[in-house]
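In my numbering, the protein residues as written are 3 to 197. Glycine is no exception: its CB is placed at the ideal position from the N, C-alpha and C atoms. For reference, the structure discussed in these notes is given below.
And the structure:
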């Protein structure tokens, strides 16, 4: 874990160092940095299951999700275009982790919607539907991410090694309010450990 920060939202440290070493070579991520989706004791927890009724009633205000079952050939720009056909300007963070060795995504992305109501319309539009490209049999799925909110996501990723990679592999931020709402926003720079 870098800088004492938790793994990226929706992720937890893998407990197997041999698995970490094998996965590290596939993703370009050091074994100590390698994470796996929804592993650990909460992996099967109902805490991560989407409940549209609770969101609609205002009982669940979480906004950060994993978009799952993404065909591996999708790029972050393709995911962004796919989301924007129905939900442009409704989210302020997007990140599609990439396997650097194969130059393919690893099957899920993270998105933070600006308001819980946008999650409902996104799910109604996309959940359970086949992906439009690459003739994939996969169907879009959503689950809550562990880490919630734009500020938490910025804090997690600003010092991450991923921010040293090509910009097409980095998380994308968007303005959450004001005249530039929905427009790309520069990711805050790496924080120094010196005080």
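Separation of residue j from residue i, as counted between CA atoms
i           : j           : result
residue 77  : residue 100 : 9 Å
residue 90  : residue 184 : 7 Å
residue 129 : residue 63  : 19 Å
residue 82  : residue 96  : 8 Å
residue 181 : residue 153 : 20 Å
residue 168 : residue 102 : 11 Å
residue 116 : residue 192 : 24 Å
residue 186 : residue 57  : 27 Å
Nearest residue (CA-CA) to residue i, options the options
i           : options             : result
residue 140 : 60, 65, 69 and 155  : 69
residue 66  : 171, 151 and 102    : 151
residue 127 : 84, 111, 50 and 157 : 84
residue 72  : 192, 133 and 190    : 133
residue 50  : 187, 149 and 190    : 149
Cβ neighbour criterion (16 or more within 10 Å) applied to residue i
i           : result
residue 94  : buried
residue 23  : Confidence is the limiting factor: at residue 23 the pLDDT is only 32, short of 50, which leaves the residue's position unreliable and the question unanswerable from this model.
residue 114 : buried
residue 88  : exposed
Chain D within 7 Å of residue i, Cβ atoms only
i           : result
residue 106 : Absent from the structure: chain D. Only one protein chain is present.
Per DSSP, cross-strand counterpart(s) of residue i
i           : result
residue 158 : Residue 158 is not bridged to any residue.
residue 175 : 95 and 187
residue 111 : 69
Touching or not, the stretch 94-111 and the stretch 66-76, by the rule of three or more beta carbon pairs under 8 Å? yes
Item to complete: Give a yes or no on contact between the stretch 170-181 and the stretch 140-150, applying the rule of three or more CB pairs nearer than 8 Å.
Response: no
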